[in-house]
Amino acid sequence: MKRAASGQFVEFTAASDASALVLRYSLPDGAEGGGTAASLILSINGKPLRTLSLTSKYTWLYGSYPFFNQPAKGKPRNFYDELCVKDLAITTGDIVRLGKTNEGSECIVDLVDLENVPAARVAPANALSLLQFGAGGRGETDDTEAVKACILAAANQGKIVWVPAGDYKLTGDIIVPSGVTIQGAGMWHTTFVGDDELYAQANRRVRFKLTGTDIHLADFRIAGKLNYRNDDEPNDGIVGAGCVAATVSRIWVEHTKIGVWIYNGTNLLIEGCRFRNLLADGVNLCVGTSGTVIQNCTTRGTGDDCFAIWPAASDQGFVGSVAPPGNNVIRRCTGQLTFLANGAAIYGGASNRIEDCLFTDISTGCGILISTTFPTSDDAGKIDNNFSGMTVVKDCTLRRCGGFDHSWGWRGSLQICLDRRSISGLTISDVDIRDSFSDGVTIVAPGSKKAEGTLAHTRLERITISQFGLGASSRHGLWIRSDAVGDLTLVDSSIADIQNDSPAFRIGRE
Numbered sequence: 360m361k362r363a364a365s366g367q368f369v370e371f372t373a374a375s376d377a378s379a380l381v382l383r384y385s386l387p388d389g390a391e392g393g394g395t396a397a398s399l400i401l402s403i404n405g406k407p408l409r410t411l412s413l414t415s416k417y418t419w420l421y422g423s424y425p426f427f428n429q430p431a432k433g434k435p436r437n438f439y440d441e442l443c444v445k446d447l448a449i450t451t452g453d454i455v456r457l458g459k460t461n462e463g464s465e466c467i468v469d470l471v472d473l474e475n476v477p478a479a480r481v482a483p484a485n486a487l488s489l490l491q492f493g494a495g496g497r498g499e500t501d502d503t504e505a506v507k508a509c510i511l512a513a514a515n516q517g518k519i520v521w522v523p524a525g526d527y528k529l530t531g532d533i534i535v536p537s538g539v540t541i542q543g544a545g546m547w548h549t550t551f552v553g554d555d556e557l558y559a560q561a562n563r564r565v566r567f568k569l570t571g572t573d574i575h576l577a578d579f580r581i582a583g584k585l586n587y588r589n590d591d592e593p594n595d596g597i598v599g600a601g602c603v604a605a606t607v608s609r610i611w612v613e614h615t616k617i618g619v620w621i622y623n624g625t626n627l628l629i630e631g632c633r634f635r636n637l638l639a640d641g642v643n644l645c646v647g648t649s650g651t652v653i654q655n656c657t658t659r660g661t662g663d664d665c666f667a668i669w670p671a672a673s674d675q676g677f678v679g680s681v682a683p684p685g686n687n688v689i690r691r692c693t694g695q696l697t698f699l700a701n702g703a704a705i706y707g708g709a710s711n712r713i714e715d716c717l718f719t720d721i722s723t724g725c726g727i728l729i730s731t732t733f734p735t736s737d738d739a740g741k742i743d744n745n746f747s748g749m750t751v752v753k754d755c756t757l758r759r760c761g762g763f764d765h766s767w768g769w770r771g772s773l774q775i776c777l778d779r780r781s782i783s784g785l786t787i788s789d790v791d792i793r794d795s796f797s798d799g800v801t802i803v804a805p806g807s808k809k810a811e812g813t814l815a816h817t818r819l820e821r822i823t824i825s826q827f828g829l830g831a832s833s834r835h836g837l838w839i840r841s842d843a844v845g846d847l848t849l850v851d852s853s854i855a856d857i858q859n860d861s862p863a864f865r866i867g868r869e
């Protein structure tokens with residue numbers, strides 16, 4: 360990381376060929392909020408190529424959850440944003456320099472990702488192009504009606520909606536019905552972009568709503584314009600309500616509230632996606648969602664859980680809620696650098712799993728959280744979506760997690776939180792935890808004060824914990840807080856410091 364004022368620069372040697380880069384940076388906020396602007400000169404081997412325009416309009420939040428855009432509220436967070444730059448020709452060994460101009464505020468350069476971007480996809484057979492329906496494709500005209508017309512025609516004719524390379528401005532909801540595929544030219548080539556002047560209106564944002572069966576979104580980017588969080592407003596990004604057998608593949612989403620939020624989805628696949636710089640979750644499988652897989656996805660800079668499974672006990676009457684919530688999988692995913700909440704979280708449901716995932720630099724909470732904090736039952740509606748079956752966490756790596764949650768205090772890199780309900784049936788195996796900001800694994804039970812929250816039938820198998828307490832003193836490898844109730848079994852685990860402060864909790868060994 361380097362702070363750059365006018366005339367300063369940061370440079371590095373390219374370790375591989377690349378045709379694009381992603382710059383993660385931070386600028387100061389304006390005195391009254393609203394952000395500031397700055398620019399950098401991108402040079403390769405001493406030759407200036409391009410001026411990069413940066414803004415902090417989409418960063419800087421203040422105060423308590425769900426946060427504000429006014430600096431006077433104090434307690435700032437969400438400092439970083441990213442800029443994507445393509446059509447470059449970087450060769451291994453080239454010297455890449457980012458130099459500060461004399462325009463705008465100082466700049467912190469945090470990291471640069473180099474990438475080789477695949478060529479734009481060509482139109483598939485049996486497709487209708489958006490350009491046939493009057494779309495401009497340059498981000499200048501409003502293409503909302505053109506997209507709607509193309510979807511209607513494709514649905515009626517059994518064809519694919521083809522979105523060629525370009526920028527397409529959207530100013531309203533895009534309803535995607537059964538049997539429709541929207542195919543872009545690639546996440547670096549096809550972009551649906553919001554209108555900056557209209558984005559404060561919740562119904563004028565970029566939002567794809569999946570409303571049926573056999574729906575497919577693939578190979579494009581969503582660039583929203585959201586810079587505040589209001590949980591009374593609907594999510595923008597990709598929303599599924601009662602959708603069945605749908606896929607979301609190779610989609611890049613940023614500057615929206617969420618990446619993908621599914622209500623009562625069944626047998627869905629979310630794969631190969633990027634979720635960056637969001638106001639809330641990367642992906643949330645909510646309410647009655649079942650049989651759904653999130654795989655090979657990445658998140659960075661989310662304002663809530665990177666990936667979450669939350670079977671809330673509400674709105675379970677949608678078409679598609681044909682199975683009880685559960686049997687969902689988060690696998691081969693990575694998450695890093697949240698500005699609120701956790702890497703992956705499971706809040707209930709039957710036999711959900713987190714497998715083969717990597718979470719790093721989660722300074723605002725856990726790398727992985729298993730919790731009953733959020734409500735999952737409704738006695739009046741005879742709904743009980745609490746944990747059941749066997750919940751599994753396996754083959755995961757947590758690095759520099761276990762940060763400070765603004766409303767809870769320090770959380771472990773991996774935490775079991777027994778708040779509203781009990782948890783029974785949990786296996787955590789082959790998890791490697793290193794360099795925790797606080798504790799490695801914690802078990803806490805705020806619900807025990809209300810005679811709720813007991814842990815049972817839980818196994819920690821082959822858990823490795825090393826280097827903890829890097830940000831807080833008097834922490835432990837495994838800490839059982841004094842309010843915890845129940846038991847767990849340790850199997851062949853390497854944990855140097857185990858502290859059990861609860862007389863009502865038993866640790867067994869095999």
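Taking this note's numbering, the leading residue of the sequence shown gets 360, the next gets one more, and so forth.
Every residue, glycine too, gets a C-beta built ideally from N, C-alpha and C.
Burial state of residue i (16 or more Cβ within 10 Å)
i: D591; result: exposed
i: D778; result: buried
i: D376; result: exposed
i: Q774; result: buried
i: V800; result: buried
i: P407; result: exposed
i: L829; result: exposed
i: S766; result: exposed
i: V598; result: buried
i: D472; result: exposed
i: P477; result: exposed
i: S680; result: Its pLDDT being 46, under 50, S680 is placed unreliably in this model, and the coordinates cannot settle the point.
i: L399; result: buried
i: R865; result: exposed
i: R497; result: exposed
i: D860; result: exposed
i: V481; result: exposed
i: K445; result: exposed
Given residue i as reference, the closest of the options once Cα atoms are compared
i: V850; options: G867, L420 and I839; result: G867
i: T719; options: I705, T658 and D532; result: T658
i: L386; options: D555, I403, L442 and S375; result: L442
i: R456; options: S464, E462, V468 and K445; result: V468
i: I653; options: V646, A672, D640 and N687; result: N687
i: N643; options: A700, Y587 and M749; result: A700
i: K808; options: D738, A863 and D764; result: A863
i: I617; options: T651, D573, L569 and F666; result: F666
i: N589; options: P425, Y558 and N437; result: P425
i: A559; options: V552, Y587, T731 and I713; result: Y587
i: S795; options: G812, S722 and H816; result: S722
i: G353; options: V803, R793, G771 and V752; result: Here the chain covers residues 360 to 869 and nothing more, so residue 353 does not appear.
i: I782; options: L814, R436, D764 and W769; result: L814
i: G344; options: G543, G545, R564 and A544; result: This structure does not reach residue 344, given that the chain is present from 360 up to 869, and the question cannot be answered.
i: L490; options: V520, Q516 and S833; result: V520
i: P435; options: F698, A804 and C632; result: F698
i: F746; options: P430, R609, G812 and P805; result: G812
In DSSP terms, what residue i is bridged to
i: E465; result: According to DSSP, E465 bridges with nothing at all.
i: V603; result: T572 and T625
i: P407; result: S402
i: I824; result: I792 and I854
i: S424; result: Rather than Ser, the amino acid found at residue 424 in this sequence is Tyr. Its beta-bridge partners do not exist; DSSP assigns none.
i: V800; result: L773 and L837
i: C645; result: Y622 and W669
i: L819; result: I787 and L849
i: W508; result: It should be noted that the sequence gives Ala, not Trp, for residue 508. Answer by DSSP bridge pairing: none, since A508 is not bridged.
i: S412; result: S398
i: V471; result: L382
Distance CB(residue i)-CB(residue j) smaller than 8 Å
i: R821; j: S788; result: yes
i: T549; j: D502; result: no
i: V607; j: F634; result: no
i: Y439; j: T418; result: yes
i: A512; j: L487; result: yes
i: K416; j: G393; result: yes
i: C716; j: I742; result: no
i: C761; j: D798; result: Note that residue 761 is Gly in the sequence shown here, rather than Cys. Cβ distance < 8 Å, so G761 and D798 count as in contact.
i: I333; j: L628; result: In this structure the chain extends from 360 to 869, so residue 333 is not present and cannot be described.
i: L638; j: L585; result: yes
i: G571; j: P536; result: yes
i: P593; j: A672; result: no
Any non-hydrogen atom of the ligand COA within 7 Å of residue i CB
i: D737; result: The ligand COA is not part of this structure, which contains no ligands at all.
In chain order, each beta strand (DSSP E) run of at least 3 residues that lies wholly inside the segment 512–575: 519–522, 525–529, 533–535, 540–543, 549–553 and 566–569
Every unbroken beta strand (DSSP E) within the segment 698–767, with a cutoff of 3 residues, ordered by chain: 703–705, 712–714, 717–719, 727–730 and 750–758
Length at least 3, wholly inside the segment 427–465: the beta strand (DSSP E) runs in chain order: 440–444 and 454–463
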